[in-house]
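S.K.: Shown below is the structure under consideration.
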Amino acid sequence: MIIKQSTLKLAIVLMGTPLLMNPSYGLANEEVAYNSTLWIGYTLNRSDYFDDRNSEIKPDGLNLGISQLFADQWQIALSYGDFEGDGTWPTDRNGSDVLERAETKSQAVGLSASWLTEDFNLSLSYSEIENNERSLSRGPLVLELVEGKDKVFSFSYDDYFDGELFTFGWSLGIQHSDSLNRTRQTSLNEPVTVASAQFDQTSWSSFVDLDISHWFENDDFSWAPQLTLSWAWEISSSGDPLLVISRGDERRVFTQFNDRLMGTFRTPDSGFWELSFNFDWHNDWSSSLAYGKSISAEEDLESLSIDIGFSF
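Every number in this note's numbering is 35 more than the matching position in the sequence shown, counting from 1.
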């Protein structure tokens, strides 16, 4: 049984999760047995930090991972991602151009275990994500610090159908997230004021993934374009949201789901689409190139990633 690894999610990538880890890809290509896979990937994300303004920020970074296959049926995978970005933007305030600035940093560690059969896969995963943000906005003049730590569990059932021309894959799952957020806003107007807050929030959500691909065989390599659609629904949540005042002229609700760096966990009541190109070089090496975009998310996010994997 061939087991591949590749990326965007961190999770689920659009937002940073490996494409080479697509379970249906492993099930549909039973030619060579690989026990171990190493992969490295680069991801560039893009979003509007202050929403509907000229404040484009592009955090980027690397994903590293390793997986091990046991007894042809059990696969354990460990991954790590590190992203950061910053930006400075001019904005018009009372007829004068002033500068606003923001910087973001994020790290994620993931561990997954999968039971692989000839007909379907069952997967259990755990991720920890730490986010740190600093921003200076001018309407009003506010310096803001945001720290977040998320713990995410997910369980999924993965299957595929191999047609004459295309391979169709689908996945159903459930996700639980537990988040701790701290914010500190310092108003630099007279008089100077400081406001700090902390809140916990938990959420249960369900998700579905659909993908379609087709493999083209050549003497030296094989390749497959793949289109993926994903959507998540919130089942329940608890915990109070927090009002953040440094998102321009309007007050804004901040929750742990406003993760603009990586899609390591799925945002409830939104989704993403992704177009990827996967390559098998017939010499134990594989690679992928992917572009993804969020659908109906509170924050519009785009992501571009490239990955290289080695199986042995």
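Beta carbons: idealized from backbone N, C-alpha and C, even for Gly.
Small disclaimer: the values here were computed from a predicted structure and weren't measured.
Please state the DSSP three-state secondary structure of GLN108.
M.R.: If DSSP states are grouped into helix, strand and coil, GLN108 belongs with coil.
S.K.: Secondary structure at GLN291, three-state DSSP: helix, strand or coil?
M.R.: Caution is warranted here: a pLDDT of 39 is assigned to GLN291, below 50, making its placement in the model unreliable, and no coordinate value can be reported.
S.K.: Quick check on HIS211: does DSSP put it in helix, strand or coil?
M.R.: Here HIS211 sits in strand by DSSP.
S.K.: Any Cβ of chain B within less than 9 Å of the Cβ of ARG219?
M.R.: Absent from the structure is chain B; it holds one protein chain and no more.
S.K.: Assuming PHE256 and TRP316 make a contact with CB atoms under 8 Å, what is their CB distance in whole Å?
M.R.: Confirmed, Cβ separation roughly 5 Å.
S.K.: Nearest-angstrom Cα distance between GLU163 and GLN236?
M.R.: Cα to Cα, GLU163 sits roughly 15 Å from GLN236.
S.K.: In the DSSP assignment, find the unbroken beta strand (DSSP E) run with TRP373 in it and report its ends.
M.R.: Beyond the ends of the chain as shown, which are 36 and 347, falls residue 373; an answer cannot be given.
S.K.: Could you tell me which residues DSSP puts in a beta bridge with ASN313?
M.R.: Looking at the DSSP assignment, ASN313 forms a beta bridge with ALA259, SER323.
S.K.: Nearest CA to the CA of GLN261: which residue from TRP268, GLY120, ALA325, ASP304?
M.R.: For the residues TRP268, GLY120, ALA325, ASP304, the minimum Cα distance to GLN261 belongs to ALA325.
S.K.: Looking at the secondary structure, which residues open and close the beta strand (DSSP E) in which LYS93 lies?
M.R.: LYS93 -> no beta strand (DSSP E), and no H or E assigned at all.
S.K.: With DSSP as the reference, identify every bridge partner of VAL227, one or two as the case may be.
M.R.: Partner(s): none; VAL227 has no beta bridge.
S.K.: Of the choices PHE201, GLY122, SER189, whose alpha-carbon is the least far from that of HIS211?
M.R.: That would be SER189, whose Cα lies nearest to the Cα of HIS211.
S.K.: To the nearest angstrom, how far is the alpha carbon of VAL144 from that of GLY100?
M.R.: For VAL144 and GLY100, the distance between alpha carbons rounds to 10 Å.
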